[in-house]
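A short worksheet on the structure shown next.
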Amino acid sequence: MNEIEIGEKLSALHDGELESSEIDELIDLVSKDTQLQKKLSFYSVMGMAANYESNNVVKIKSKKTKNIFSNLWLSNAMTAAASILLTLIFLNDNDFSRMNVDSKSFDQITSAINSKEAKNIAKQSEEYLTDHIMRIINDPSFMISNSNNIDLRNVGYKTNAIQGLGYSKGDENFQLRLEKKDFTLNSIKYWKHGNKMIYLVPMKDGRTLTLYGNISLSTAMTVAKSLNL
Amino acid sequence: MKKNSDDIDSVLIEKAKNGNEGAFSILVNKYHPRVYASLFSFTKSKEDSEDLSQQTFIKVWQQLSSFRGESAFFTWVYRIAINLAKNYVSSAAYKKQKISSSIEFLELDVSSFEDLESIIIHDQSLIEINDFIITMPESLKTAFTMREVEGKSYDEISEITKTPIGTVRSRIFRARESIIEYMKKELIDNE
Chain A
1 MNEIEIGEKL
11 SALHDGELES
21 SEIDELIDLV
31 SKDTQLQKKL
41 SFYSVMGMAA
51 NYESNNVVKI
61 KSKKTKNIFS
71 NLWLSNAMTA
81 AASILLTLIF
91 LNDNDFSRMN
101 VDSKSFDQIT
111 SAINSKEAKN
121 IAKQSEEYLT
131 DHIMRIINDP
141 SFMISNSNNI
151 DLRNVGYKTN
161 AIQGLGYSKG
171 DENFQLRLEK
181 KDFTLNSIKY
191 WKHGNKMIYL
201 VPMKDGRTLT
211 LYGNISLSTA
221 MTVAKSLNL
Chain B
1001 MKKNSDDIDS
1011 VLIEKAKNGN
1021 EGAFSILVNK
1031 YHPRVYASLF
1041 SFTKSKEDSE
1051 DLSQQTFIKV
1061 WQQLSSFRGE
1071 SAFFTWVYRI
1081 AINLAKNYVS
1091 SAAYKKQKIS
1101 SSIEFLELDV
1111 SSFEDLESII
1121 IHDQSLIEIN
1131 DFIITMPESL
1141 KTAFTMREVE
1151 GKSYDEISEI
1161 TKTPIGTVRS
1171 RIFRARESII
1181 EYMKKELIDN
1191 E
């Protein structure tokens, strides 16, 4: 193999596009050549640079909808806040009960969440949730591998094949996943990741809706509501 | 069948589990920059991030047999790194761990990475690389961006650009070569 052939194979290995039969030979070559090893790190750094805008994680912080007014991202526009509030009320009226806390059950819930079993479930759910968020951030194919055939035209969003089979309307574009996964969420949770948002919405039927992209909370809830009927 | 990075990682992980240090070395070099970046954002210290990323991969090597593939490999590695960082932050008695002789090769790999660290921790360098990518010839830029930013497979890029898959592979490689050349020339002092 000449240098270019080796380089092409190394590049394909980085992308997960190398045939299994070619791996052994390349491992041998890489383990003896520090320059080839270093190239893999270069590939990784340039990948970070290419995704810099979207992968610039300023802060990943879970927030619940009840704290929406403390979110600076929204607080600049009173009209936006007002529309979100209206949407919240509207959704709650439409049996989005998983977002509410039933005060009558508070004591029962308190004792239940202190049980060993509940703690184990919570710990496991938190790990699943971490995995899920990490995959959204780190695996570009994750958000395009599920639920691309959901029709959102009824709420004005058309599929956008150019942007990786996402949905778009005006300046907003996003990708979604809808799956049978229980993260034991009882409310919408969302994170800011670079200039994008990640929303996890518990659905009535036990599924979880994930939305990722340039999308506001009110849009996320509108989409969730359209799927939650 | 569509391949992805996780499939190749699984092959490398299995080989590493069976003691193939070369396979493990590939995984280290592939993920070290991202681990380092995560640790730097946590510690804000180059020295501590170097130290912790070295410890992370030592721990990954030691615990590799327990990795069952239930999550992506990087997620697992990331969790180890962040747990180490949390312990580091919370423990006043934090002490540097000696690198065991059985994994000395890791030390070499990590030291060879030092010149890339400054790129990772300086946003401006990442922006400059991005600016350079924009100036690349259209065919290279398209193939590279579809792969790195949009996460498309070589098959998909081939179909979209109506180009043979071998050409896609070659264009992505050439794009990377030219970015490396730019990084060495403009962003790394000692090369």
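Protein chains in written order, with this note's numbering: chain A, 1 to 229; chain B, 1001 to 1191.
The beta carbon of each residue, even a glycine, is placed where N, CA and C say it ideally should be.
{"query": "Between glycine 16 of chain A and chain B, is there a C-beta pair that is closer than 7 Å?", "result": "yes"}
{"query": "Can you tell me the Cα-Cα spacing of tyrosine 128 of chain A and methionine 1 of chain A, whole angstroms?", "result": "43 Å"}
{"query": "Would you kindly work out how many angstroms separate the C-alpha atoms of leucine 1116 of chain B and glutamate 1070 of chain B, rounded to a whole number?", "result": "31 Å"}
{"query": "What do you get for glutamate 1050 of chain B, buried or exposed, if any count of 16 or more other CB atoms within 10 angstroms of its CB means buried?", "result": "buried"}
{"query": "By DSSP's criteria, leucine 211 of chain A is part of a beta bridge. Which residues make up the other side?", "result": "A:Leu176, A:Tyr199"}
{"query": "Please state if the CB of serine 11 of chain A and the CB of phenylalanine 1173 of chain B are separated by a distance shorter than 7 Å.", "result": "yes"}
{"query": "Provide the residue span of the alpha helix (DSSP H) that contains isoleucine 32 of chain A, from first to last.", "result": "Reading the sequence as shown, one finds lysine at residue 32 of chain A and not isoleucine. Where lysine 32 of chain A is concerned, the enclosing alpha helix (DSSP H) stretches over 20-32."}
{"query": "Considering only C-alpha positions, which residue in the set A:Asp171, A:Ser187, A:Thr219 is nearest to threonine 208 of chain A?", "result": "A:Ser187"}
{"query": "According to DSSP, tyrosine 1031 of chain B sits in a beta bridge with which residue or residues?", "result": "Paired residues: none, contrary to the question."}
{"query": "Tell me the DSSP secondary structure of histidine 193 of chain A in three-state form.", "result": "strand"}
{"query": "What did DSSP end up calling leucine 10 of chain A once you bin it into helix, strand or coil?", "result": "helix"}
{"query": "Within the same chain, show all residues whose beta-carbon is closer than 6 Å to that of phenylalanine 1067 of chain B, passing over the 5 residues directly before and after it, in chain order.", "result": "Trp1076"}
{"query": "If you reduce the DSSP assignment to three classes, tell me which class lysine 158 of chain A lands in.", "result": "strand"}
{"query": "Where does serine 41 of chain A fall in DSSP's three states?", "result": "helix"}
{"query": "So, for tyrosine 157 of chain A: in the same chain, excluding its five sequence neighbours on each side, which residues have a beta-carbon less than 6 Å away from its beta-carbon?", "result": "Tyr167, Lys169"}
{"query": "Any beta carbon of chain B sitting closer than 7 Å to that of glutamine 175 of chain A?", "result": "no"}
{"query": "Are the CB atoms of lysine 1046 of chain B and isoleucine 1080 of chain B nearer to each other than 7 Å?", "result": "no"}
{"query": "Under 7 Å between the Cβ atoms of isoleucine 1008 of chain B and glycine 7 of chain A?", "result": "no"}
{"query": "Compare the C-beta of asparagine 1018 of chain B against all C-beta atoms of chain A and say whether one is closer than 7 Å.", "result": "no"}
{"query": "Taking C-beta pairs closer than 7 Å, name the residues in chain A that tyrosine 1088 of chain B reaches, listed in chain order.", "result": "The contacting residues do not exist; tyrosine 1088 of chain B stays about 19 Å from chain A at best."}
{"query": "For glycine 47 of chain A and threonine 1161 of chain B, what's the separation of their Cα atoms in angstroms?", "result": "21 Å"}
{"query": "Give the secondary structure of glycine 166 of chain A by DSSP, where H, G and I count as helix, E and B as strand, and everything else as coil.", "result": "strand"}
{"query": "With a threshold of 7 Å between beta-carbons, can glutamate 172 of chain A be considered close to chain B, or not?", "result": "no"}
{"query": "Applying the 10 Å Cβ sphere with the 16-neighbour rule, what's the burial state of isoleucine 4 of chain A?", "result": "exposed"}
{"query": "Do you know offhand how far arginine 177 of chain A's Cα is from serine 21 of chain A's?", "result": "34 Å"}
{"query": "Look up leucine 152 of chain A in the DSSP assignment and say whether it is helix, strand or coil.", "result": "coil"}
{"query": "Which residues in the same chain as lysine 1152 of chain B place their Cβ atom closer than 8 Å to its Cβ, once the five residues preceding and following it in sequence are excluded?", "result": "Met1146, Ile1160"}
{"query": "Return helix, strand or coil for alanine 1037 of chain B, following the three-state DSSP convention.", "result": "helix"}
{"query": "Relative to chain B, which residues along the stretch 16-33 of chain A have a C-beta separation below 7 Å, given in chain order?", "result": "Gly16, Glu17, Leu18, Ser20, Ile23, Ile27, Asp28, Val30, Ser31"}
{"query": "Classify glycine 206 of chain A: buried if its beta carbon has 16 or more other beta carbons within 10 angstroms, exposed otherwise.", "result": "exposed"}
{"query": "Beta-carbon within less than 8 Å of aspartate 171 of chain A's beta-carbon, same chain only, minus the 5 sequence neighbours each way: which residues are those?", "result": "Asn214"}
{"query": "Count the other CB atoms, across all protein chains shown, that sit within 10 Å of the CB of proline 202 of chain A; report buried if there are 16 or more and exposed otherwise.", "result": "buried"}
{"query": "Quick one: is serine 41 of chain A buried, meaning 16 or more other Cβ sit within 10 Å of its Cβ, or exposed?", "result": "buried"}
{"query": "Using a Cβ-Cβ cut-off of 8 Å (strictly less than) and excluding sequence neighbours within five positions of leucine 18 of chain A, which residues of its own chain qualify?", "result": "Lys9, Ala12, Leu26"}
{"query": "Which whole-angstrom value is the C-beta distance of histidine 1032 of chain B and serine 1053 of chain B, which I expect to be below 8 Å?", "result": "6 Å"}
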